[in-house]
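Undergrad: Structure provided below as structure tokens; questions to follow.
In the UniProt record's numbering, the protein residues as written are 1 to 204.
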């Protein structure tokens, strides 16, 4: 099982991060399977960072083998979605970028890819018009709509499949809108697609 993630996919987030870089193709990175956090298990704050940020995203699950998938057929390759958190060690990421070094250690550490319960994509009318949000301690901290993606889900799947064979169970984090921020011990995170709660866990 592979975990793919897309960066810089919402203009609102790019502006809040003061990024001026514009890519003509999706920005792709990966997380190992050890990054997966599911079933409501708590997220343990790591001891190597003092600035762990949440990034709330729509996550899709691949349901069939695919390579070099045409964008017009990409919708056939996933049938379940959920909301997830791409945890980022922001202080480490910043340091690695300043040094011109890879920053996998800031994005791909253990338990850095939290996912909620999956639902059928048939439960939403349009994959590119889905509201999702994150509450921390019952306060709304981040919200977005997939219509604001720079690259659509189908475009992302087509792009990834040029380089990697997609297999059943692979996950794709599709990018985060504005509103990212830090987490602290005892925070209670709850993630929603529309008004349906799919993600629910605590920080320890």
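Ideal Cβ placement from N, Cα and C applies to all residues, glycine included.
Quick one: grab the DSSP three-state call for residue 202.
TA: As a working mapping, residue 202 is identified with position 202 in the chain shown. Three-state result, residue 202: strand.
Undergrad: Under a Cβ-count criterion, where at least 16 other Cβ atoms within 10 Å of its own Cβ denotes burial, should residue 154 be classed as buried or exposed?
TA: Against the chain shown, residue 154 aligns to sequence position 154. Residue 154 is buried by the Cβ-count criterion.
Undergrad: Taking Cβ positions, are residue 167 and residue 65 nearer each other than 9 Å?
TA: Along the chain shown, one-based indexing puts residue 167 at 167. Along the chain shown, one-based indexing puts residue 65 at 65. Yes.
Undergrad: Curious, which full-length beta strand (DSSP E) runs of at least 3 residues does the segment 114–183 contain?
TA: Taking only runs of at least 3 residues, the beta strand (DSSP E) segments lying wholly in the segment 114–183 are 131–136, 139–145, 171–173.
Undergrad: When the Cβ atoms of the segment 94–111 are set against those of the segment 27–42, are three or more pairs found closer than 8 Å?
TA: Contact holds: three or more Cβ-Cβ distances are below 8 Å.
Undergrad: Within 10 angstroms of its Cβ, does residue 76 collect 16 or more other Cβ (buried), or is it exposed?
TA: As a working mapping, residue 76 is identified with position 76 in the chain shown. Result: exposed.
Undergrad: Compute the Euclidean distance between the alpha carbons of residue 116 and residue 138, then round it to the nearest angstrom.
TA: By 1-based counting over the chain shown, the position of residue 116 is 116. By 1-based counting over the chain shown, the position of residue 138 is 138. Near 17 Å, if we compare the C-alpha coordinates of residue 138 and residue 116.
Undergrad: What separation, rounded to the nearest whole angstrom, lies between the Cα atoms of residue 193 and residue 61?
TA: Here residue 193 refers to the residue found at position 193 of the chain shown. Here residue 61 refers to the residue found at position 61 of the chain shown. One C-alpha to the other measures close to 15 Å.
Undergrad: Any heavy atom of the ligand MG closer than 8 Å to the Cβ of residue 135?
TA: The ligand content of the structure shown is nil, which means the ligand MG is not present either.
Undergrad: Indicate the three-state DSSP secondary structure (helix, strand or coil) for residue 86 in the structure shown.
TA: On the chain shown, residue 86 is found 86 positions in, with the first residue counted as 1. Here residue 86 sits in strand by DSSP.
Undergrad: Could you give the distance in angstroms between the alpha-carbon of residue 35 and the alpha-carbon of residue 180?
TA: Position 35 of the chain shown, counting from 1, holds the residue named residue 35. Position 180 of the chain shown, counting from 1, holds the residue named residue 180. About 19 Å.
Undergrad: Report the residue ranges of all beta strand (DSSP E) runs contained in full by the segment 26–61; include only those spanning at least 3 residues, in chain order.
TA: The segment 26–61 contains these whole beta strand (DSSP E) runs: 27–31, 52–54.
Undergrad: Is the segment 90–101 close to the segment 120–138, with three or more CB pairs under 8 Å?
TA: Contact between the segment 90–101 and the segment 120–138 is absent, because fewer than three Cβ pairs lie under 8 Å.
Undergrad: Out of curiosity, what's the CA-to-CA distance linking residue 185 and residue 82?
TA: In the chain shown, the residue the question calls residue 185 occupies position 185. In the chain shown, the residue the question calls residue 82 occupies position 82. If I take the Cα positions, the gap works out to 24 Å.
Undergrad: In angstroms, rounded to a whole number, what distance separates the CA positions of residue 156 and residue 45?
TA: Taking the first residue of the chain shown as 1, we reach residue 156 at position 156. Taking the first residue of the chain shown as 1, we reach residue 45 at position 45. Residue 156 and residue 45: Cα-Cα distance of roughly 30 Å.
Undergrad: Taking residue 173 as the reference, give the member of 145, 38, 42, 114 with the closest Cα.
TA: Walking along the chain shown from the start, residue 173 turns up at place 173. Comparing Cα positions, the closest option is 114.
Undergrad: Residue 176 and residue 55 look like a contact to me (Cβ under 8 Å); what is the Cβ gap, rounded to whole Å?
TA: Taking the chain shown and counting its residues from 1, one reaches residue 176 at position 176. Taking the chain shown and counting its residues from 1, one reaches residue 55 at position 55. So it is a contact: roughly 4 Å between Cβ atoms.
Undergrad: Does the beta-carbon distance from residue 3 to residue 58 come in below 9 Å?
TA: Here the question's residue 3 lines up with position 3 in the chain shown. Here the question's residue 58 lines up with position 58 in the chain shown. No, Cβ-Cβ distance for residue 3 and residue 58 is not below 9 Å.
Undergrad: Determine the contact status of residue 40 and residue 187, defining contact as a CB-CB distance below 9 Å.
TA: Within the chain shown, numbered from 1, the residue matching residue 40 stands at position 40. Within the chain shown, numbered from 1, the residue matching residue 187 stands at position 187. Taking 9 Å as the Cβ cut-off, residue 40 and residue 187 do not qualify as a contacting pair.
Undergrad: Assuming contact is defined by CB atoms lying nearer than 9 Å, are residue 123 and residue 91 in contact in what I supplied?
TA: As a first step, residue 123 must be located in the chain shown, where it is residue number 123. As a first step, residue 91 must be located in the chain shown, where it is residue number 91. The answer is no: Cβ separation not under 9 Å.
Undergrad: With DSSP as the reference, please indicate the residues paired to residue 66 in a beta bridge.
TA: Counted from its first residue, the chain shown places residue 66 at position 66. Looking at the DSSP assignment, residue 66 forms a beta bridge with 166.
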